[in-house]
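Residue numbers (our numbering): 4 to 173. Data first, discussion second: the structure below is written as structure tokens.
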Amino acid sequence: MSAPTDRHLLAIRTGLGYDSHRLVEGRRLVIGGVDVPHSHGLAGHSDADALVHAICDALLGAAGLGDIGTHFPDTDPQYADADSIDLLRRVRGLVEVDHEIVNVDSTIHAERPKMAPHIPEMRTRLAAALRLPERRVNVKAKTGEGVGPVGTRQAIEATAIATLVERDVA
Ligand code: MG
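Structure below.
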């Protein structure tokens, strides 16, 4: 086999993200930057947008920049009820110092409500925050098949993966 000749192949970075928030009464349900009508919402210090938090962690992970908690600690009052889309914009800024974002893929794990009708708007909001075309920001949804914290509607979880290209790799 010959050695790779395309420098970009040497500069690809991938990162994994995961988040989970408890479903409780009396909170808005914000997923992927979209207000999803539901009887319950996600508990958390910020707006508790598990999908956006997972995407932030995937991006930071790919760039070797730690995680969302180190950059935006949930003990800091300035992030109380924070709009997570704002955090995503800030993460993009951190990551883009040394990298270009290639794509993001993600999955929402939720028993209820149905996410499919809201996914196009989520992609629009996420892609705008990341300044990417929507085809490079994918969102999928799965149920928990009635078991576990997701299936018994105690929590909504999200997983994400991001791919970056490092700029000017030596
Ligand atoms: Mg979170």
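Even glycine gets a Cβ: it sits at the ideal position worked out from N, Cα and C.
Residue i (DSSP reduced to helix, strand or coil)
i: Asp60; result: helix
i: Asp89; result: helix
i: Gly20; result: strand
i: Arg139; result: helix
i: Arg170; result: coil
i: Thr73; result: helix
i: Ala14; result: coil
Boundaries (first-last residue) of the beta strand (DSSP E) holding residue i
i: Leu45; result: 43-45
i: Val153; result: Careful: Val153 lies outside any beta strand (DSSP E), inside the alpha helix (DSSP H) at 151-154.
i: His48; result: Run containing His48: none; DSSP gives neither H nor E here.
i: Asp108; result: 102-112
Presumed contact (8 Å Cβ cut-off) between residue i and residue j, rounded CB distance
i: Arg128; j: Val27; result: Incorrect: roughly 23 Å between the Cβ atoms, too far for contact.
i: Cys59; j: Val100; result: In fact, because the Cβ distance is near 15 Å, the residues do not count as touching under 8 Å.
i: Val168; j: Ile15; result: 6 Å
For residue i, the first and last residue of its enclosing alpha helix (DSSP H)
i: Glu124; result: 122-133
9 Å Cβ cutoff, residue i in contact with chain B
i: Val98; result: The chain inventory of the structure shown lacks chain B, comprising one protein chain alone.
When the Cβ atoms of the stretch 157-168 are set against those of the stretch 98-110, are three or more pairs found closer than 8 Å?
Taking 8 Å as the limit for Cβ pairs, the verdict is that the stretch 98-110 does touch the stretch 157-168.
Listed by chain order, which residues have C-beta atoms less than 5 Å from any heavy atom of the ligand MG?
Result: Asp22, His56.
With contact counted as at least three CB pairs below 8 Å, one residue from each stretch, are the stretch 129-141 and the stretch 70-86 in contact?
Not touching, per the Cβ criterion.
Below 8 Å, can you find three or more Cβ-Cβ pairs linking the stretch 149-157 to the stretch 45-64?
Taking a cut-off of 8 Å for Cβ pairs, the stretch 149-157 and the stretch 45-64 do not touch, as fewer than three such pairs fall below it.
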